[in-house]
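For reference, each letter of the sequence shown is one residue, going 0 to 345 in numbering that gives the first Met the number 0. We put the CB at the ideal spot given by N, CA and C, even for glycine. Treat the numbers as computed from the prediction; the structure is a model and nothing was measured. What follows is a single structure, written as structure tokens, with notes after it.
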Amino acid sequence: MARSLLYFSCSVLSLGLAAGCGDDSDAASRQVCAADNGGITLPDGFCASVFADGLGRARHMAVTPSGDVFVVIDPPPMPPGTTEPSHVVALRDADGDGTAEISQIVAEEGGNGIAWADGMLYIAPDDQIVRYALPDGQLMPTGQPEVVISGLPSDGDHHRKTVVPVGGDLYINMGSASNACQVVNREPLSPGVDPCPELEVRAGVWRFDAADLGQTLDDGVRFATGIRNTNALGRDADGTLWAANNGRDQLSDNWPALFTPAQDLLLPSEEVYAIRSGDDHGWPYCYHDPVRDEMMLAPEYGGDGTTVGRCAPVATPDLTMPAHWAPLGIAFYNGDVFPERFRGGA
């Protein structure tokens, strides 16, 4: 197990300890970090190498306990009127040198999210969740895909899905159909619809039973709401869900009398928070101002950049990132190779 943890840290995530990668184990001693750390910048003492390259536009990935890696690959940009489906690629480092020698397509379904749990590989195309039987240590799924959930909303601005198994449940993000729930989406000075009808089926996280097949949206429970678009959805070691949200756009474009272009570069925060049952994180009525560290009333609902109003009860995020960074994934480090201060971090 220690060897697989070292391999995972040094190679699969393109990240490891320079000292750790020199471990006496046979697999670790064969792993060589790239001189340029694979083109990424790392803290002192860490090194990196490229595990696999030339696959296409990778979205999310899942790693099984034995170290096999499954990656959702998006097609390249296509000419108007043409499409190419996304797919899932399996990768295996058979000789432990830190590079995947085996690469093969294992599923024609793609989309965005992917997760492995209890011998099942879950894949999240835009409008459904499917699963394949996939015992740990096996690259090719067993049998045909089973539809766990179908009929998920897939129109509008944010159609990507992320699937996170926790215990016997599946948690699915449903991104909003619009930027700010305006009468006319992204139109300057267009007011917000109040109450926002999208919140009934969008802009939140839903919980489903992982054991049942043939479910629809009606079978799920809205676990949390007011979350504009969180492709970055994951769980920590305690099973708590965390989200890194993609915040709204176009404050100065749509409301030039209230916000300057300079302010638009800073507003709003990309919010990071733990998600608990019944939470409401405020979209579309509220956004987070990192300078004030307050949830502010959106201009579509009467805000002017200084008014809190109905957003006073909405909790500020646990953490924030700069505006428009658009986080697309989140993962927690639960190993024991990295220094103590990194353990349990996201």
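- Report, in whole angstroms, the separation of the C-beta atoms of VAL182 and PRO190, which I expect to be a contact under 8 Å. Reading the sequence shown from its first residue, position 183 is the one you call residue 182. Reading the sequence shown from its first residue, position 191 is the one you call residue 190. Correct: roughly 6 Å between the Cβ atoms.
- Message: Spatial neighbours of THR134 within its chain, please: C-beta separation below 8 Å, excluding the five flanking residues on both sides.
- Response: Translated into positions along the sequence shown, residue 134 becomes position 135. Reading off the sequence, residue 134 comes out as Pro, not Thr. Closer than 8 Å at the Cβ level, and outside the excluded window around PRO134, lie GLY118 and THR141.
- Query: Going by alpha carbons, who is nearest to VAL290 out of VAL271, ALA322, ARG275 and GLY308?
  - Reply: Here residue 290 is taken as the residue at index 291 of the sequence shown, counted from 1. Nearest C-alpha to VAL290: ALA322.
- Query: Within 10 angstroms of its Cβ, does ASN228 collect 16 or more other Cβ (buried), or is it exposed?
  - Reply: Stepping through the sequence shown from its first residue, residue 228 is reached at position 229. Label assigned to ASN228: buried.
- Check: ARG234 C-beta below 7 Å from any heavy atom of the ligand SAH: In terms of ligand content, the structure shown is empty, and the ligand SAH therefore cannot be addressed.
- DSSP three-state call for ALA114: helix, strand or coil? Stepping through the sequence shown from its first residue, residue 114 is reached at position 115. Strand.
- Message: At 3 residues or longer, what runs of the beta strand (DSSP E) sit wholly inside the region 209-241?
- Response: With a minimum length of 3 residues, the continuous beta strand (DSSP E) runs that stay inside the region 209-241 are 220-224 and 231-234.
- Reduced DSSP category for SER24 - H, G, I as helix; E, B as strand; rest coil: The residue given as residue 24 occupies position 25 in the sequence shown. Note that SER24 has pLDDT 47, beneath the 50 cutoff, so the model's placement of it is unreliable and no number is given.
- Message: By DSSP's criteria, ALA243 is part of a beta bridge. Which residues make up the other side?
- Response: Looking up residue 243 in the sequence shown gives position 244. DSSP output for ALA243 lists ALA231 and VAL271 as bridge partner(s).
- Task: Give me the Cα-Cα distance between VAL129 and CYS32, rounded to the nearest whole angstrom.
- Result: Working through the sequence shown from its first residue, we reach residue 129 at position 130. Working through the sequence shown from its first residue, we reach residue 32 at position 33. Cα-Cα distance, rounded: 36 Å.
- If LEU151 and PHE69 are in contact, beta carbons under 8 Å, what's the gap, nearest whole angstrom? Your numbering for residue 151 matches position 152 in the sequence shown. Your numbering for residue 69 matches position 70 in the sequence shown. About 21 Å separates the two Cβ atoms, so there is no contact after all.
- Message: Within 10 Å of its beta-carbon, does ALA242 have 16 or more other beta-carbons around it, so buried, or fewer, so exposed?
- Response: Reading the sequence shown from its first residue, position 243 is the one you call residue 242. It counts as buried.
- For ASN333, which residues of its own chain have a beta-carbon under 6 Å away from its beta-carbon, when the five flanking residues on both sides are left out? Here the question's residue 333 lines up with position 334 in the sequence shown. ALA236, listed in sequence order.
- Query: Is the number of C-beta pairs between the region 208-216 and the region 255-268 that are closer than 8 Å three or more?
  - Reply: No contact exists between the region 208-216 and the region 255-268.
- Message: Which residue wins for smallest C-alpha separation from ARG58, given the options VAL162, ASP43, THR40 and SER48?
- Response: As a working note, residue 58 is residue 59 in the sequence shown. Nearest option by C-alpha distance: VAL162.
- Every unbroken beta strand (DSSP E) inside the region 254-310 [3 residues or more]: If you keep only unbroken beta strand (DSSP E) runs of at least 3 residues inside the region 254-310, you get 269-274, 285-288 and 293-296.
- Query: Name the DSSP beta bridge partners of ALA61, please?
  - Reply: Taking the sequence shown and counting its residues from 1, the one referred to as residue 61 is at position 62. Note: ALA61 sits in a beta bridge opposite PHE69.
- Bridge-paired residues (DSSP) for CYS32: The sequence position of residue 32 within the sequence shown is 33, counting from 1. In the DSSP secondary-structure assignment, CYS32 is not bridged to any residue.
- Query: Using the C-alpha atoms, what's the distance from LEU198 back to GLY233?
  - Reply: Translated into positions along the sequence shown, residue 233 becomes position 234. Translated into positions along the sequence shown, residue 198 becomes position 199. Approximately 21 Å, taken between the alpha carbons.
- Task: Tell whether a beta-carbon distance below 8 Å holds between ILE113 and GLN127.
- Result: Taking the first residue of the sequence shown as 1, we reach residue 113 at position 114. Taking the first residue of the sequence shown as 1, we reach residue 127 at position 128. Between ILE113 and GLN127, the gap from beta carbon to beta carbon reaches 8 Å or more.
- Can GLU108 and PRO144 be called in contact, C-beta distance under 8 Å? Counted from its first residue, the sequence shown places residue 108 at position 109. Counted from its first residue, the sequence shown places residue 144 at position 145. With respect to the 8 Å criterion, GLU108 and PRO144 are classified as neighbours on the basis of their beta carbons.
- Based on the DSSP output, what are the partners of ALA123 in its beta bridges? Along the sequence shown, read from residue 1 onward, the residue named residue 123 stands at position 124. Answer is GLY112, bridged to ALA123.
- Message: Taking contact to mean 3 or more Cβ pairs, one atom from each stretch, closer than 8 Å, check whether the region 313-332 and the region 298-305 are in contact.
- Response: No, because fewer than three Cβ pairs between the region 313-332 and the region 298-305 fall closer than 8 Å, the two stretches do not touch.
- Scan the region 140-191 and note each continuous beta strand (DSSP E) run of 3 residues or more that stays entirely inside, going in chain order. Correct list: 141-148, 162-165 and 168-173.
- By Cβ distance below 8 Å, which residues in the same chain neighbour ILE72 in space, the five residues on each side in sequence not counted? Position 73 of the sequence shown holds residue 72. Contacts found: LEU54, GLY55, ARG56, ALA57, ARG58, SER85, HIS86, VAL87, VAL88 and GLY109.
- Message: Here's a check: name, in chain order, each residue in its chain whose Cβ is nearer than 8 Å to the Cβ of ARG247, leaving out the five neighbours to either side.
- Response: The count along the sequence shown starts at 1 and reaches residue 247 at position 248. The beta carbon of ARG247 lies closer than 8 Å to those of ASN178, ALA179, ARG227, PRO267, TRP282, PRO283, TYR286 and ALA297 in the same chain, with the five residues before and after it left out.
- Message: I need the straight-line Cα distance from GLU83 to PRO76, nearest angstrom please.
- Response: Walking along the sequence shown from the start, residue 83 turns up at place 84. Walking along the sequence shown from the start, residue 76 turns up at place 77. Their Cα atoms are separated by approximately 9 Å.
- Message: Can you tell me where the beta strand (DSSP E) holding ILE39 begins and where it ends?
- Response: Along the sequence shown, read from residue 1 onward, the residue named residue 39 stands at position 40. The continuous stretches of beta strand (DSSP E) do not include ILE39, and DSSP gives it neither H nor E.
- Endpoints, beta strand (DSSP E) assigned at GLN103: Numbered from 1 along the sequence shown, position 104 holds the residue referred to as residue 103. Residues 101-106.
- Item | ARG91 in three-state terms, based on DSSP | On the sequence shown, position 92 is the one that residue 91 refers to. Here ARG91 sits in strand by DSSP.
- In whole angstroms, what separates the C-alpha of ARG221 from that of PRO260? Counting from 1 along the sequence shown, the entry for residue 221 is found at position 222. Counting from 1 along the sequence shown, the entry for residue 260 is found at position 261. Straight through space, the alpha carbons of PRO260 and ARG221 are spaced by roughly 36 Å.
- Message: Spatial neighbours of ARG309 within its chain, please: C-beta separation below 8 Å, excluding the five flanking residues on both sides.
- Response: Numbered from its first residue, the sequence shown carries residue 309 at position 310. The beta carbon of ARG309 sits closer than 8 Å to those of TYR284, CYS285, LEU296 and TYR300, all from its chain and outside the five residues before and after it, given in chain order.
- Query: Where ASN244 and ASP52 are concerned, what is the direct C-alpha to C-alpha distance, given to the nearest angstrom?
  - Reply: Here residue 244 refers to the residue found at position 245 of the sequence shown. Here residue 52 refers to the residue found at position 53 of the sequence shown. ASN244 and ASP52 have their C-alpha atoms some 28 Å from each other.
- Query: Can you name the residues that DSSP bridges to HIS86?
  - Reply: Along the sequence shown, one-based indexing puts residue 86 at 87. In the DSSP assignment, HIS86 forms a beta bridge with ILE72.
- Is TRP324 buried or exposed, if buried means 16 or more other CB atoms sit within 10 Å of its CB? By one-based count along the sequence shown, residue 324 stands at place 325. Label assigned to TRP324: exposed.
- Could you spell out the range, first to last residue, of the beta strand (DSSP E) harbouring LEU54? For the purposes of this step, residue 54 is taken as residue 55 along the sequence shown, with counting starting at 1. If you look at LEU54, you'll find it isn't in any beta strand (DSSP E); DSSP assigns it neither H nor E.
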